[in-house]
Amino acid sequence: MKKNDLQNQCQTSDDDQVIEVFFKRSVQALVLVALIAIGLWWFLRDDSPEQPVVDKTAFKAPRAMQPVALDKNLPATDFKEQGKPRGIDMVQFSGARGERMLPETMGSGAAFIDVDNDGDNDLFFANGSAWPWDPQPDHAPTQKLFLNDGSGHFSDATLAFGLDKTFYGTGVAVGDVNGDGWRDLFVAAVGRNRLFLNQQGKKFVESDQKLDCMDDGWSTSAGFFDYDKDGDLDLFVVNYVQWNKELDYLADYRLDGIGRAYGPPSNFPGSWNCLFENRSGTLVDVSEDVGLKVLNPATGKPSGKGLALAFLDVNDDSWLDVAVANDTSGNFLFVNDGQGHFVESADRYGVAYDASGKATGSMGLDASHFRNTDDMALSIGNFANEMTSFYVKRGKQPFFTDESVIIGVGPQSRHALSFGLFFFDYDLDGRPDFFQTNGHVENEINRVQPAQHYAQKSQLFWNCGSDCPRAFVPVENAGDLTRLDVVGRAASYGDVDADGDLDVVLTQVNRPALLFINQSETGHWLRARLRGGKGNPDAIGARVQLLDADGQPLRPAVLHSLTRSYLAQTEPVITFGLGQSTAGHRLKITWPDGRVQITDVLAPDRLHEISQPEAQQADAVRTP
Numbered sequence: 018m019k020k021n022d023l024q025n026q027c028q029t030s031d032d033d034q035v036i037e038v039f040f041k042r043s044v045q046a047l048v049l050v051a052l053i054a055i056g057l058w059w060f061l062r063d064d065s066p067e068q069p070v071v072d073k074t075a076f077k078a079p080r081a082m083q084p085v086a087l088d089k090n091l092p093a094t095d096f097k098e099q100g101k102p103r104g105i106d107m108v109q110f111s112g113a114r115g116e117r118m119l120p121e122t123m124g125s126g127a128a129f130i131d132v133d134n135d136g137d138n139d140l141f142f143a144n145g146s147a148w149p150w151d152p153q154p155d156h157a158p159t160q161k162l163f164l165n166d167g168s169g170h171f172s173d174a175t176l177a178f179g180l181d182k183t184f185y186g187t188g189v190a191v192g193d194v195n196g197d198g199w200r201d202l203f204v205a206a207v208g209r210n211r212l213f214l215n216q217q218g219k220k221f222v223e224s225d226q227k228l229d230c231m232d233d234g235w236s237t238s239a240g241f242f243d244y245d246k247d248g249d250l251d252l253f254v255v256n257y258v259q260w261n262k263e264l265d266y267l268a269d270y271r272l273d274g275i276g277r278a279y280g281p282p283s284n285f286p287g288s289w290n291c292l293f294e295n296r297s298g299t300l301v302d303v304s305e306d307v308g309l310k311v312l313n314p315a316t317g318k319p320s321g322k323g324l325a326l327a328f329l330d331v332n333d334d335s336w337l338d339v340a341v342a343n344d345t346s347g348n349f350l351f352v353n354d355g356q357g358h359f360v361e362s363a364d365r366y367g368v369a370y371d372a373s374g375k376a377t378g379s380m381g382l383d384a385s386h387f388r389n390t391d392d393m394a395l396s397i398g399n400f401a402n403e404m405t406s407f408y409v410k411r412g413k414q415p416f417f418t419d420e421s422v423i424i425g426v427g428p429q430s431r432h433a434l435s436f437g438l439f440f441f442d443y444d445l446d447g448r449p450d451f452f453q454t455n456g457h458v459e460n461e462i463n464r465v466q467p468a469q470h471y472a473q474k475s476q477l478f479w480n481c482g483s484d485c486p487r488a489f490v491p492v493e494n495a496g497d498l499t500r501l502d503v504v505g506r507a508a509s510y511g512d513v514d515a516d517g518d519l520d521v522v523l524t525q526v527n528r529p530a531l532l533f534i535n536q537s538e539t540g541h542w543l544r545a546r547l548r549g550g551k552g553n554p555d556a557i558g559a560r561v562q563l564l565d566a567d568g569q570p571l572r573p574a575v576l577h578s579l580t581r582s583y584l585a586q587t588e589p590v591i592t593f594g595l596g597q598s599t600a601g602h603r604l605k606i607t608w609p610d611g612r613v614q615i616t617d618v619l620a621p622d623r624l625h626e627i628s629q630p631e632a633q634q635a636d637a638v639r640t641p
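If you count the sequence shown from 1, you need to add 17 to reach our numbering.
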């Protein structure tokens with residue numbers, strides 16, 4: 018055999034061996050991929066029965082999260098529901114009579130408000146009404162106000178304060194509109210919104226100002242803030258969908274075996290949000306001028322279907338931005354350019370959609386620095402089979418990523434349909450914990466999906482800190498707060514009994530409002546009530562940072578806002594948990610006008626009132 022022939026034969030033999038090895042490895046790889054695919058199918062399979070016509074009620078049972086090995090022990094946690102014993106006898110009236118009108122299942126709001134300037138947290142509840150085409154009840158439901166006696170017991174003051182008004186109320190906002198030092202009430206509604214002006218803590222008088230920017234309006238959440246830094250409070254109002262009885266019947270959502278059902282907003286026209294600029298106590302609609310009328314480029318129609326909002330400073334430029342949760346359409350993030358305009362930037366910042374690029378059934382939301390860093394979280398409660406979104410922006414990076422799974426909230430929240438949610442430090446250890454209340458929109462969902470229930474348990478997550486495998490750990494036993502099955506909607510927090518820790522209030526659909534008194538094992542605390550200038554008595558928009566006695570920063574600054582969660586307002590006091598520390602601390606306050614103040618050393622376990630200093634005094638304590 019010639020040398021060349023031998024070489025060719027050897028080469029051919031080598032090639033055959035390479036091909037054989039390649040083929041075997043390819044087969045092995047294909048088998049491995051097939052096994053992985055089968056494993057993923059088994060992990061993600063849906064064992065629920067055939068889904069009903071209403072796509073939004075789809076539910077897929079998640080795999081249970083594996084137990085987390087904790088480096089720290091969960092604190093003893095106990096919340097007692099004491100609404101009725103303490104005088105809160107509010108029962109929400111939805112107007113439902115079997116026709117399944119969409120507003121009936123979305124609930125009504127709640128707000129902490131000090132109506133008489135006595136320093137106590139009073140409680141206001143919005144309420145629904147019967148529909149005009151239905152028989153009217155003998156005793157028409159009204160909005161409700163309960164006065165706090167200072168010890169956390171309440172008396173009904175609705176009639177005395179002139180708030181016995183019947184209309185379909187939804188969300189609530191609290192702020193001083195006319196700059197007289199008394200907190201006013203804005204109540205969003207299905208139909209015409211209302212503004213009630215506080216008459217020196219004695220009663221409320223309804224204003225005749227028009228506070229709607231759309232026809233067939235259905236406003237939901239709202240909040241006061243100073244968007245243009247002129248010293249008074251402007252009003253942001255979120256709108257859901259354009260709605261009336263005829264549109265609801267045209268949508269005609271149905272469940273097999275049940276008939277008409279509460280469905281998604283998919284077939285209702287979208288809306289835009291409203292901004293009313295405060296001009297000497299008159300709220301003027303500037304929504305279009307400032308860039309809030311976001312349209313769908315494909316249809317030219319409004320694209321928003323908003324349910325909740327929160328104020329934040331996403332780019333740390335000292336101008337307040339606005340996040341809006343949209344139900345089944347992309348969320349909004351309106352970035353304030355400081356020149357009187359907002360630029361909708363949710364897609365650019367990564368909070369418009371979920372990790373797969375899809376819009377979620379977004380309900381409530383809140384923002385917080387949940388670590389002892391500049392990392393910012395924006396959390397949004399979603400529909401069943403959609404984990405609660407937990408977007409995180411690390412430091413100065415210009416975008417968020419959804420860390421719901423790795424943070425510890427996602428897998429635990431997937432089975433729930435979440436509405437009101439917020440960050441708060443319930444055990445006063447200095448780390449913001451996380452709460453969300455849940456409840457389905459369809460009261461007969463269990464008939465078609467045995468894994469789902471109309472009433473659901475609320476969820477509390479303890480912030481374990483950065484040295485734990487997951488930052489948030491579910492608190493399975495938090496007393497009544499996580500034991501009771503509720504049809505949760507609005508949720509808020511505040512200290513109602515003046516003991517320093519934070520209590521929780523939530524509303525339900527056609528059920529009593531609930532008041533959970535915090536009796537947990539807690540650390541020491543420092544509470545600050547800011548007294549701002551004329552037009553903004555609660556200093557909304559101030560930034561407050563906890564310092565040690567020597568003036569060294571201990572945590573990121575907190576943005577003071579009453580607006581978060583869903584249809585709700587929190588108390589106008591900032592609470593700092595101190596853990597086991599009994600030392601005195603200072604506060605660094607950047608007031609809404611930009612002036613900076615560093616307080617004297619403040620004793621722990623006390624509520625401190627801090628007034629905005631005059632210009633000369635503030636300049637003397639200004640820091641670089």
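We put the CB at the ideal spot given by N, CA and C, even for glycine.
- Relative to Pro281, the option among Gly355, Asp173 and Leu119 whose CA is nearest is Leu119.
- Excluding residues up to 5 positions away in sequence, Phe129, Asn138, Leu519, Asp520, Val522, Thr587, Glu588 and Val590 lie with their Cβ nearer than 8 Å to the Cβ of Gly511 in the same chain.
- For Glu361, the uninterrupted beta strand (DSSP E) segment begins and ends at Phe359 to Glu361.
- If you ignore the 5 residues before and after Ala239, its C-beta comes within less than 6 Å of the C-beta of Gly188, Ala190, Phe203, Ala205 and Val254, all in its own chain and listed in chain order.
- When C-alpha distances from Pro491 are compared across Pro428, Val513 and His470, the shortest belongs to Pro428.
- Taken in chain order, the complete beta strand (DSSP E) segments of 3 or more residues contained in the stretch 137–177 are 139–142, 161–165 and 171–173.
- Three or more beta-carbon pairs separated by less than 8 Å link the stretch 297–314 to the stretch 226–245, which places the two stretches in contact.
- When DSSP states are grouped into helix, strand and coil, Gly196 belongs to the coil group.
- Secondary structure of Ser125 (DSSP, three-state): coil.
- Annotation: Leu350 to Leu576 spans about 17 Å, alpha carbon to alpha carbon.
- When Gln259, Asp330, Thr316 and Gly218 are compared, the shortest CA-CA separation from Asp233 is found for Gln259.
- The C-beta distance from Gln160 to Gly186 rounds to 6 Å, short enough to fall under 8 Å.
- Taking one beta carbon from each stretch, the stretch 472–485 and the stretch 406–417 have fewer than 3 pairs nearer than 8 Å; the two do not touch.
- Taking a C-beta distance under 9 Å as the contact criterion, Ala585 and Ala508 qualify as a contact pair.
- Sorting Gly274, Trp148, Ser283 and Val339 by C-alpha distance to the C-alpha of Ala268 places Ser283 at the top.
- With contacts defined by Cβ atoms closer than 9 Å, Phe533 and Lys101 do not form a contacting pair.
- Bounds of any alpha helix (DSSP H) do not take in Asp450; it lies within the beta strand (DSSP E) bounded by Asp450 to Asn455.
- Rounded to the nearest angstrom, the Cβ distance from Thr390 to Ser396 is 17 Å, too far for a contact under 8 Å.
- Contact between Ala369 and Ile424 does not hold, since the beta-carbon distance rounds to 20 Å and is not under 8 Å.
- Beta-carbon to beta-carbon, Ser304 and Lys322 are separated by about 16 Å, too far to satisfy the 8 Å threshold.
- Ser435: member of the beta strand (DSSP E) spanning Ser435 to Phe441, first to last residue.
- Taking each of Arg506, Asn261 and Ala177 in turn and checking the Cα distance to Gly437, the smallest one comes out for Arg506.
- Burial check for Leu312: the Cβ neighbour count within 10 Å stays below 16, so the residue is exposed.
- For Glu538, the CB contacts under 6 Å within the same chain, skipping 5 residues up- and downstream, are Pro92 and Ala93 in chain order.
- CA-to-CA, the gap between Asn353 and Val504 works out to about 36 Å.
- If you check the CB distance, Gly601 and Leu445 do not come in under 9 Å.
- Residue state for Ser628 is assigned as strand, using DSSP reduced to three classes.
- For Glu294, there is no enclosing alpha helix (DSSP H); the enclosing beta strand (DSSP E) has its first and last residue at Cys291 to Arg296.
- Setting aside the 5 residues that flank it on each side, Pro449 is surrounded in the same chain by Ser385, His386, Phe387, Phe440, Phe441, Asp442 and Asn480, each with a C-beta closer than 8 Å to its C-beta; the list follows chain order.
- Using a C-beta cut-off of 8 Å, the stretch 157–173 makes no contact with the stretch 560–568, since fewer than three inter-stretch Cβ pairs fall below that distance.
- Across the set Thr592, Ser421 and Met393, the C-alpha of Thr592 shows the shortest separation from the C-alpha of Leu624.
- Per DSSP, Ala206 lies in no alpha helix (DSSP H) segment; the continuous beta strand (DSSP E) that holds it begins and ends at Asp201 to Ala206.
- Under the three-state reduction of DSSP output, Ala495 falls in the strand class.
- Here Leu180 carries a coil assignment [DSSP, helix/strand/coil].
- Cβ atoms of Trp289 and Lys310 come within 8 Å of each other, at about 4 Å.
- DSSP places Lys262 in the uninterrupted alpha helix (DSSP H) bounded by Lys262 to Ala268.
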